[in-house]
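In our numbering, the protein residues as written are 157 to 643.
Here it is as structure tokens:
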């Protein structure tokens, strides 16, 4: 196979990046664009041998990288950010072609956020400290020691942004990395390897291996030399990773999606609430944080629904490369089948499609709103990961909270209300890692991020990322014993 493919005029190396060089595999898999199904090229398909080589490279590079002064690590991370900013247009068009998300979003928001991920954690590293404290005259000093090689497994819905959300703090912490991108959207991870090498990141500190699921994943997550595993994806895959990591007691950070609610109270600004609800169709609904369960106070549901339908019906669905497109395709035919299966089973069970409820040409699914759904039904309880929302009503705060919390997930929640005290009461009882009040998707990297229940294990962001990617050490020093004569 050719080592490079050209995507929208951008050359992308399809081989792995291991130990500072490109490495081919005997096998390949075909990467398709969800926009029109076009085959983009053949990608190196790794397995146990590539996993072993990548972990070995990360292990061998770790001592020198861990010993690299903080200021130098930060300088290199800023250089990587510089490289990302120089190639924003290339990264944006490649990722849009590869995963179908809106090009305008990649240009204006996602790729600048990729650069920001590196800058933020570089700067946070330089001020990462803990005040010494005393215990009966003894001094306690807390330090963050680099943990070792990390395996980072990332999803297809925001490939580069979510990869660098993990890669940046791991590198800042002094760890080395084996990055395994999703097989449905592997291309920008390969470009990241090029950018990191050009920025002066030493060989073996960042390795990128491609492959299908457990073919390479099991070898990575069960490896005894791996010191941390961070994964974003589905609950079933997370359970497999946890079982694989258990033999070595490898610490895990898991972000596993959800079935988040949007609570709309009668005192809310309805136009704002409708805007928040329609925003859940962003990225064709393929967002782990999406508030897919609309819970609306009964007294305003008719007016809310009228305004929602008017706004949602105006969304333009089509080629994500077009500036005027609002909703693009789903990532893969398999995902499209999954989405439609959820909807058709719900309709068969008595749900009603206010809008949508059907697939369109290609890999596009019409933005859908389902009413007349039952709380314990599949469509209310399970993550669809597509442009599908459900609408239920409540009569008071207690019922709103009960419905909101009545799933096995707990990643996020959104509340629309004009009453500050109500917002405080309600959010105090919501089971969620993040709660937004009268806003959505506002993310500050210094805040903790993660989920409760089956939405995940652990938190990352700011100091919480360093707590995960480091081994925290407390050194206790006695006030005496310094008078020994050393000659």
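The beta-carbon is built from N, C-alpha and C at its ideal position, and this holds for glycine as well. Here the structure is a predicted model, which means the values were calculated and not measured.
Using three-state DSSP, classify residue i as helix, strand or coil.
i: residue 644; result: The shown model of the chain, from 157 to 643, leaves out residue 644, and the question about it has no answer.
i: residue 568; result: strand
i: residue 415; result: coil
i: residue 409; result: strand
i: residue 109; result: There is simply no residue 109 to check, as the chain begins at 157 and stops at 643 in what is shown.
i: residue 628; result: strand
i: residue 276; result: helix
i: residue 309; result: strand
i: residue 255; result: helix
i: residue 342; result: coil
i: residue 583; result: helix
i: residue 596; result: coil
i: residue 636; result: coil
i: residue 445; result: coil
i: residue 540; result: coil
i: residue 157; result: Model confidence at residue 157 stands at a pLDDT of 49, short of 50, so the residue's coordinates are unreliable; what they give is reported in the following sentence. If DSSP states are grouped into helix, strand and coil, residue 157 belongs with coil.
i: residue 482; result: coil
i: residue 490; result: helix
i: residue 283; result: helix
i: residue 366; result: coil
i: residue 573; result: coil
i: residue 473; result: strand
Report all residues from its chain with a CB closer than 7 Å to the CB of residue i; omit the five preceding and five following residues, and keep chain order.
i: residue 443; result: 313
i: residue 199; result: 170, 184, 185, 187, 342, 366
i: residue 394; result: 387, 410, 412
i: residue 426; result: 456, 459, 460, 463
i: residue 562; result: 531
i: residue 232; result: 355, 356, 357
i: residue 352; result: 236, 362
i: residue 222; result: 302, 330
i: residue 475; result: 191, 481
Can you give me the start and stop residues for the beta strand (DSSP E) that residue i sits inside?
i: residue 514; result: No beta strand (DSSP E) contains residue 514, which DSSP labels as neither H nor E.
i: residue 359; result: Segment: none, residue 359 is in no beta strand (DSSP E) and carries neither H nor E.
i: residue 435; result: Premise fails: residue 435 is in no beta strand (DSSP E) and is neither H nor E.
i: residue 162; result: 160 to 163
i: residue 200; result: 195 to 201
i: residue 174; result: 172 to 174
i: residue 299; result: 294 to 302
i: residue 291; result: 289 to 291
Who are the near neighbours of residue i in its chain, counting only those whose CB is closer than 6 Å to its CB and skipping five residues on each side?
i: residue 446; result: 436
i: residue 389; result: 311
i: residue 272; result: none
i: residue 644; result: Missing from the structure shown is residue 644; the chain here goes from 157 to 643 and no further.
i: residue 488; result: 340
i: residue 541; result: 442
i: residue 157; result: Reliability fails at residue 157, whose pLDDT of 49 lies under 50, so the model's placement of it is uncertain and the value that follows must be treated cautiously. So the list reads 184, 198, once near-sequence residues are dropped.
i: residue 262; result: 248, 251, 252
i: residue 527; result: 508, 510, 547
Could you give the first and the last residue of the continuous alpha helix (DSSP H) run that contains residue i?
i: residue 535; result: 534 to 537
i: residue 384; result: Residue 384 -> not in any alpha helix (DSSP H); beta strand (DSSP E) instead, spanning 384 to 388.
i: residue 236; result: 226 to 242
i: residue 211; result: 204 to 223
i: residue 558; result: 553 to 561
i: residue 456; result: Residue 456 -> no alpha helix (DSSP H), and no H or E assigned at all.
i: residue 392; result: 391 to 402
Identify the residues that DSSP records as bridge partners of residue i: which are they?
i: residue 315; result: Answer by DSSP bridge pairing: none, since residue 315 is not bridged.
i: residue 508; result: 527
i: residue 167; result: 162
i: residue 545; result: 525
i: residue 501; result: BP columns for residue 501 are empty, so no partner.
i: residue 616; result: 605
i: residue 336; result: 309
i: residue 450; result: 418, 547
i: residue 183; result: 201
i: residue 270; result: Residue 270 is not bridged to any residue.
i: residue 250; result: None, per the DSSP bridge assignment.
Only counting the same chain, and skipping five residues up and downstream in sequence, which positions put a Cβ closer than 8 Å to that of residue i?
i: residue 177; result: 359
i: residue 522; result: 473, 511, 512, 513, 514, 515, 516, 543
Any heavy atom of the ligand MG closer than 8 Å to the beta-carbon of residue i?
i: residue 244; result: No copy of the ligand MG occurs in the structure displayed, which carries no ligand at all.
Quiz item: Between the region 561 to 578 and the region 276 to 285, are three or more C-beta pairs nearer than 8 Å?
Solution: no
Quiz prompt | Any 3 or more C-beta pairs closer than 8 Å across the region 212 to 222 and the region 354 to 369 | solution = yes
Self-check item: Touching by the beta-carbon criterion (3+ pairs, under 8 Å), the region 418 to 426 and the region 562 to 572
Solution: Touching, yes.
Self-check item: At least 3 beta-carbon pairs within less than 8 Å: the region 323 to 336 vs the region 616 to 630
Solution: Contact annotation: the region 323 to 336 touches the region 616 to 630, with at least three C-beta pairs closer than 8 Å.
Self-check item: Any 3 or more C-beta pairs closer than 8 Å across the region 290 to 306 and the region 589 to 609
Solution: no
Quiz item: Three or more beta-carbon pairs under 8 Å between the region 604 to 614 and the region 585 to 592, yes or no?
Solution: Of all C-beta pairs linking the region 604 to 614 to the region 585 to 592, three or more are shorter than 8 Å, placing the two stretches in contact.
Quiz item: Contact between the region 302 to 310 and the region 249 to 257: three or more CB pairs below 8 Å?
Solution: no
Quiz item: Between the region 490 to 510 and the region 200 to 214, do at least 3 Cβ pairs fall closer than 8 Å?
Solution: no
Quiz item: Counting pairs of Cβ atoms below 8 Å between the region 544 to 559 and the region 448 to 455, do you hit three or more?
Solution: yes
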